[in-house]
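Each residue of the sequence shown is one higher than the last, beginning at 89 in the working numbering.
Backbone N, C-alpha and C fix where the C-beta goes; we use that ideal spot for every residue, glycine too.
Computed from a prediction, not measured in an experiment: that's the story for all the values here.
To start, the structure itself, in structure tokens.
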Amino acid sequence: MTPPGERWFESAFRRDYLALYAHRDAAEARVQVDRLLALGFGCELVDLACGVGRHVEAFALRGVRVVGVDRSDELLGAATRDVRGQLVLGDLRRLPFRTESFDGALSLFSSFGYFGPEEDRVALAEAARVLRPGGRLCLDLADPEQVRAGLVARSEKRVGDVSFRETRELAEGGRLVIKRVESSGGPDGPRSWQELLWLYEDGELARFAADAGLRVEQCLAGWGAGLGAALEVRRVWTLRRA
Numbered sequence: 089m090t091p092p093g094e095r096w097f098e099s100a101f102r103r104d105y106l107a108l109y110a111h112r113d114a115a116e117a118r119v120q121v122d123r124l125l126a127l128g129f130g131c132e133l134v135d136l137a138c139g140v141g142r143h144v145e146a147f148a149l150r151g152v153r154v155v156g157v158d159r160s161d162e163l164l165g166a167a168t169r170d171v172r173g174q175l176v177l178g179d180l181r182r183l184p185f186r187t188e189s190f191d192g193a194l195s196l197f198s199s200f201g202y203f204g205p206e207e208d209r210v211a212l213a214e215a216a217r218v219l220r221p222g223g224r225l226c227l228d229l230a231d232p233e234q235v236r237a238g239l240v241a242r243s244e245k246r247v248g249d250v251s252f253r254e255t256r257e258l259a260e261g262g263r264l265v266i267k268r269v270e271s272s273g274g275p276d277g278p279r280s281w282q283e284l285l286w287l288y289e290d291g292e293l294a295r296f297a298a299d300a301g302l303r304v305e306q307c308l309a310g311w312g313a314g315l316g317a318a319l320e321v322r323r324v325w326t327l328r329r330a
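Written as structure tokens, this is what we have:
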């Protein structure tokens, strides 16, 4: 479990985390990137919480200038050496970029919602800060109602020689998903960790956006259609900086 004094995200993102989510691969990223390009996300982009850079690579292959940022040096270190585009170590709450550096910003795979309401608002304001006037932010989020209705309390899976046992529960009146993972082995040895995800209703998210100087353009349901059940309940918000 998360060591005392640490936030969950300081210990969760290791090599066995990548094994657990190995199905989130380059082919899936290419499909998502094509959908984002159809929404007009191009030019100069920053991928917030980019992980191993699979979306960075997919955008770069399509000629888009893109920078990925992540606070996990282990995930960045696991990126293939031939990933096109720049990968940078940094915290979403204190982005290592100048104000008005990008035309677009991306927050994919529910990477918004890791910190809790107060700090998530800070992260949203930071995303707005690095956007140029008229720039757009894409938030790829789980649908709160669908998550609560379809929450699977327990599951197990095996990836190669490693077994994973997962439990999930709701807290904070259904606003917080707590996922606990036990790994039987793998590159980091047997260990356990937890993942937290805050769920924000439409009105709350719109208020966060307005406070950050962002205007809601649209919210698209069924964003992950055709990419598996776990992604079919996702929604994509597009927000524009004034």
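Please list the terminal residues of the continuous beta strand (DSSP E) segment that includes Gly156. Arg153 to Asp158
What are the partner residues of Glu257, as DSSP defines its beta bridges? Ile266
Can you have a look at Gly178 and say buried or exposed, based on whether 16 or more other CB atoms are within 10 angstroms of its CB? buried
Taking the continuous alpha helix (DSSP H) assigned at Gly128, which residues delimit it? Run containing Gly128: none; DSSP gives neither H nor E here.
CB-CB length for Leu194 against Phe296, believed under 8 angstroms: Contact flag wrong, Cβ pair sits at about 17 angstroms.
Can you give me the Cβ contacts of Arg95 inside the same chain, cut-off strictly under 6 angstroms, excluding the 5 residues immediately before and after it? none
For Pro232, count the other beta carbons within 10 Å of its own beta carbon; 16 or more makes it buried, fewer makes it exposed. Which is it? buried
Give the DSSP-derived three-state secondary structure of Pro221 in the structure shown. strand
Just the C-alpha distance for Tyr288 and Leu136, rounded to the nearest angstrom, thanks. 18 angstroms
Is it buried or exposed, Thr187, if we count other Cβ atoms within 10 angstroms and call 16 or more buried? exposed
I need the DSSP call for Gly291, collapsed to helix, strand or coil. helix
Reduced DSSP secondary structure (H/G/I, E/B, other) of Gly139: coil
Please state whether the Cβ-Cβ distance between Ala211 and Arg242 is less than 8 angstroms. no
Can the beta-carbon of Arg103 be found less than 8 angstroms from the beta-carbon of Ala167? no
Just to check my reading of the structure: Glu254 and Val269 have Cβ atoms closer than 8 angstroms, yes? What is that Cβ distance to the nearest angstrom? 5 angstroms
Rounded C-alpha distance that separates Ser251 from Ala107: 10 angstroms
In angstroms with no decimal places, state the Cα-to-Cα distance between Leu229 and Ala294. 13 angstroms
With burial defined as no fewer than 16 other Cβ atoms inside 10 Å of the residue's Cβ, what is the status of Ser280: buried or exposed? exposed
Identity of the residue in Ala330, Arg263 and Leu196 nearest Ala300 by Cα: Ala330
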